[in-house]
Amino acid sequence: NAGVTQTPKFRVLKTGQSMTLLCAQDMNHEYMYWYRQDPGMGLRLIHYSVGEGTTAKGEVPDGYNVSRLKKQNFLLGLESAAPSQTSVYFCASSVVGNNQPQHFGDGTRLSIL
Amino acid sequence: AQSVTQPDIHITVSEGASLELRCNYSYGATPYLFWYVQSPGQGLQLLLKYFSGDTLVQGIKGFEAEFKRSQSSFNLRKPSVHWSDAAEYFCTVGDYSSASKIIFGSGTRLSIRP
Chain A
204 NAGVTQTPKF
214 RVLKTGQSMT
224 LLCAQDMNHE
234 YMYWYRQDPG
244 MGLRLIHYSV
254 GEGTTAKGEV
264 PDGYNVSRLK
274 KQNFLLGLES
284 AAPSQTSVYF
294 CASSVVGNNQ
304 PQHFGDGTRL
314 SIL
Chain B
28 AQSVTQPDIH
38 ITVSEGASLE
48 LRCNYSYGAT
58 PYLFWYVQSP
68 GQGLQLLLKY
78 FSGDTLVQGI
88 KGFEAEFKRS
98 QSSFNLRKPS
108 VHWSDAAEYF
118 CTVGDYSSAS
128 KIIFGSGTRL
138 SIRP
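Protein sequences, first through last, are from chains A and B.
Counting from 204, one number per residue, gives the positions in the first sequence under our numbering.
Counting from 28, one number per residue, gives the positions in the second sequence under our numbering.
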């Protein structure tokens with residue numbers, strides 16, 4: 204059972220380039236999340252989804268887009284990467300309700316030059 | 028606004044010593060509280076959770092936490108730490124304004140002195 208899988212694990216981009224981060228979960232979870240983690244700031248929610256075909260903005264959505272075309276996949280897109288988006292990105296999933304634990308992937312380390 | 032505070036950014040303890048990591052929350056009702064651990068280069072793993080009932084909850088890896096409503100605290104403890112406990116620890120609370128979101132503390136980094 205793989206749980207939550209993120210690809211790629213590392214990526215270096217130039218300013219202005221675009222890319223998509225993929226998150227896949229095999230636990231049949233309804234909820235999925237994208238966070239970014241920066242030193243001293245904990246995890247901040249970028250976007251989330253409460254079900255297939257639905258997405259919502261989190262705390263820091265600017266510069267990112269997401270899609271949830273299939274229940275098991277949640278994609279995070281950067282249309283025009285900026286140095287401020289250099290971070291470690293984590294995907295998580297959970298069953299319904301914030302009284303349930305979230306299951307995290309191992310992260311994607313993204314550097315924007 | 029709802030919040031979670033972890034007042035200690037970095038703690039160093041000797042191997043075999045006891046550990047207590049502090050977490051304070053602001054919340055109007057009974058909160059859903061969690062502790063997660065993040066080892067270097069990895070994602071977060073659930074240590075334990077509290078919803079209701081017994082205020083002392085047991086988790087994995089020998090950790091426990093005590094919910095104290097009067098102090099708005101949910102401190103994490105371990106009687107004897109091991110070198111493998113070196114990691115970052117996050118306290119979180121379910122966001123009462125949204126049934127789908129949680130709020131993270133900023134984390135406490137734990138180092139173990141040999």
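Quick reminder that beta carbons are idealized off the backbone N, C-alpha and C, glycines included.
Values in this document were obtained by computation on a predicted structure and should not be read as measured data.
Shown here, Ser287(A) sits in a helix according to DSSP, grouped into three states.
Counting only Cβ-Cβ distances below 7 Å, Ser133(B) has contacts in chain A at Gly243, Met244, Gly245, in chain order. Membership of Lys95(B) in the beta strand (DSSP E) is indicated by the continuous run 91 to 95.
By the neighbour-count criterion, in which 16 or more other beta carbons inside 10 Å mark a residue as buried, Thr257(A) falls on the exposed side. Cα atoms of Leu137(B) and Ala56(B): separation of roughly 30 Å, rounded to the nearest angstrom. With contacts defined by Cβ atoms closer than 8 Å, Leu279(A) and Ile249(A) form a contacting pair. Between the stretch 78 to 86 of chain B and the stretch 108 to 119 of chain B there are fewer than three inter-stretch CB-CB distances shorter than 8 Å, so the stretches are not counted as touching. In terms of beta-carbon proximity, Phe213(A) stays away from the interface with chain B, with every pair separated by 8 Å or more. One finds Asn301, Asn302 in chain A with Cβ atoms closer than 8 Å to the Cβ of Tyr59(B), taken in chain order. By the neighbour-count criterion, in which 16 or more other beta carbons inside 10 Å mark a residue as buried, Met235(A) falls on the buried side. Under the DSSP assignment, Ser41(B) falls in the beta strand (DSSP E) whose first and last residues are 37 to 41.
A straight line joining the alpha-carbon of Ala113(B) with that of Val207(A) spans about 23 Å.
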